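Numbered per our numbering, the sequence shown spans residues 1 to 283.
Quick reminder that beta carbons are idealized off the backbone N, C-alpha and C, glycines included.
The structure displayed is predicted, hence computed values, not measured ones.
Just below is one structure, and these are the notes that go with it.
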Amino acid sequence: MKQVLLPRSLNDLWAMMRDLPDAALYAGGTDLLVKIRSGSIPPKDLICLERIEALKGVVDHGDRVAIRAATPFSQLLQEPAITSHLPVLAKAIACLGSPLIRNMGTIGGNICTASPAGDTLAPLYVLNARVELASEAGVRSLPISQFIQGPGQTLLETGEILSAIHVEKPHPEAIQHFEKVGRRNALACSLASMAAILRLSDGGIVMAASLAWGSVGPTVITCTEAAERLIGLPLSMDRLTEAAAIVQKAVCPITDIRATADYRRAIVGNLLLRLCDLKMENS
Ligand SMILES: Cc1cc2nc3c(=O)[nH]c(=O)nc-3n(C[C@H](O)[C@H](O)[C@H](O)COP(=O)(O)OP(=O)(O)OC[C@H]3O[C@@H](n4cnc5c(N)ncnc54)[C@H](O)[C@@H]3O)c2cc1C
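What follows is the structure in structure tokens.
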């Protein structure tokens with residue numbers, strides 16, 4: 001018979017992971033339990049991270065924010081460190097799933113699932129987030145862009161968990177933007193999404209740009225060439241159109257039941273053009 005274990009501390013967790021090396025971890029269960037119920041993953045012993053307080057909450061360290069991995073999305077939306085300093089992430093979370101999914105689902109689960117459509121991933125890439133991986137032997141940390149290797153593939157090793165995500169706060173005047181296109185507003189897997197962090201000078205010149213797209217490749221696509229096309233010049237529709245043409249070549253979307261590759265490529269460009277509206281809102 002399969003068991004579900006509910007450790008209350010990291011020490012309990014390490015002991016359980018040692019005793020049951022084939023058990024699967026879960027936090028909210030909104031990805032894993034759905035896969036087990038649908039039969040795409042066979043039933044296993046399960047270890048739930050939900051009751052481990054050391055894996056929950058957000059710590060504001062002044063110039064950076066630590067987000068503990070088993071924090072549910074709805075709690076993240078109550079945290080000033082997220083809503084005030086990381087609005088690009090808050091916007092992605094606010095449109096993820098539905099209220100029920102946001103109450104159960106966690107940021108750590110979203111990262112470890114490593115779906116190309118994971119809505120927090122593009123924001124975490126533009127924030128240059130680092131993931132903290134803990135095991136009984138200690139802690140290591142990696143940039144998220146290295147940790148995620150492909151759809152469903154990460155560098156998590158046996159005996160390790162994702163314990164936290166570390167993000168440096170962007171400049172307070174940076175424009176932070178996230179937009180997702182789906183077939184409806186709630187409970188829609190994104191057809192394409194874009195996260196952007198831009199810094200403009202007082203005269204409207206782009207001083208820094210970090211751009212990432214979700215759902216249009218095996219992992220999040222960042223395009224330095226497109227960002228560089230914007231830097232040093234005023235943010236204008238002409239520059240954005242040039243950058244959009246570059247990124248449309250860089251992405252590699254697939255055709256599936258939700259949308260064709262060509263449609264996704266068109267969305268990618270249009271999402272970038274929308275940054276011109278942001279400039280108006282912030283000027
Ligand atoms: C109806 C529905 C709608 C959804 N809508 C969206 C959406 O709009 N956008 C979106 O991005 N996702 C969506 N999802 C997917 C899902 O809700 C998210 O990916 C969520 O973040 C998963 O978090 P979780 O805690 O529930 O993960 P779990 O199911 O608990 O775990 C997922 C995977 O991550 C591993 N894992 C979890 N936490 C850790 C950890 N701390 N350390 C190591 N491994 C860990 C588990 O072993 C498992 O393999 C939806 C799901 C459903 C069912």
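| query | What three-state label does DSSP hand residue 228 in the structure shown? | reply | helix
| From residue 34 to residue 61, what does the alpha carbon distance come to, in whole angstroms? | 36 Å
| field | Extent of the continuous beta strand (DSSP E) run through residue 107 | value | Looking at the DSSP string, residue 107 is not in any beta strand (DSSP E); the run it does join, the alpha helix (DSSP H), is 107-113.
| Taking three-plus beta-carbon pairs below 8 Å as touching, is the segment 133-150 in contact with the segment 224-237? | no
| query | Taking the Cβ atom as the reference point for each residue, do residue 189 and residue 117 lie within a distance shorter than 8 Å? | reply | yes
| task | Figure out for me which residue from 6, 262, 258, 130 has the closest Cα to the Cα of residue 252. | result | 262
| query | In whole angstroms, what separates the C-alpha of residue 49 from that of residue 242? | reply | 46 Å
| What three-state label does DSSP hand residue 253 in the structure shown? | coil
| query | Taking the alpha-carbon positions, what's the residue 246 to residue 169 distance? | reply | 28 Å
| field | Cβ contact check for the segment 140-159 and the segment 86-103: 3 or more pairs under 8 Å | value | no
| message | Extract the residue ranges of the beta strand (DSSP E) inside the segment 4-71, only unbroken runs of 3 or more that lie entirely within it. | response | 24-26, 46-48, 58-60, 64-68
| request: Leaving aside the five residues before and after residue 146 along the sequence, list all residues of the same chain whose C-beta is less than 8 Å from its C-beta, in chain order. | output: 155
| query | Hey, out of 255, 256, 205, 220, whose CA is closest to residue 239's CA? | reply | 205
| request: For the segment 149-166 and the segment 105-113, state whether three or more C-beta atom pairs, one from each stretch, are separated by less than 8 Å. | output: yes
| What does residue 159 pair with, by DSSP beta-bridge criteria? | Answer is none; residue 159 lacks a bridge partner.
| query | Between the segment 60-77 and the segment 93-105, do at least 3 Cβ pairs fall closer than 8 Å? | reply | yes
| query | Could you give the distance in angstroms between the alpha-carbon of residue 249 and the alpha-carbon of residue 165? | reply | 31 Å
| request: Compute the Euclidean distance between the alpha carbons of residue 37 and residue 17, then round it to the nearest angstrom. | output: 23 Å
| task | Give the single residue among 148, 159, 30, 124 whose Cα lies nearest to the Cα of residue 100. | result | 30
| Which residues in the same chain as residue 171 place their Cβ atom closer than 7 Å to its Cβ, once the five residues preceding and following it in sequence are excluded? | 199
| Roughly how many whole angstroms lie between the Cα atoms of residue 133 and residue 274? | 36 Å
| Per-residue DSSP class, three states only, for residue 222 | strand
| query | Is residue 97 near ligand 1, with its Cβ less than 7 Å from a heavy atom? | reply | yes
| field | Secondary structure of residue 168, DSSP reduced to three states | value | strand
| said: Among the candidates 258, 236, 9, 237, whose CA atom is the shortest distance from the CA of residue 215? | reply: 258
| Under the three-state DSSP convention, the category residue 116 falls into | coil
| message | So, for residue 217: in the same chain, excluding its five sequence neighbours on each side, which residues have a beta-carbon less than 8 Å away from its beta-carbon? | response | 116, 251, 252, 253
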